[in-house]
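Numbering (my numbering), first residue to last: 5 to 91. Ideal Cβ positions, reconstructed from N, Cα and C, are used throughout, including at glycine. Data block below; observations after.
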């Protein structure tokens, strides 16, 4: 069972208003957590983070190596398109 901030034996000593307050705080924390998770897995945010990481990595690469990789990627893309059009 999950641990809570209030132990069962302590809950018997607390007034109902304190329990209601604790439940509301727990709900607010849960809602905040769910919002953060939803924000992390939103496709637009995933794409943005991935793009940002790729840009950071490209900035760290030697320009000659980066240019060679870009040229290879463009060449491969052109080849694939040419093959598709040829069929």
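Are the C-beta atoms of residue 23 and some chain C residue less than 7 angstroms apart? The question asks about chain C, but that chain is absent: this structure has only one protein chain.
Over what stretch of residues does the alpha helix (DSSP H) that includes residue 84 continue unbroken? 67-90
With DSSP run on the structure shown, which of helix, strand or coil describes residue 62? helix
From residue 89 to residue 63, what does the alpha carbon distance come to, in whole angstroms? 35 angstroms
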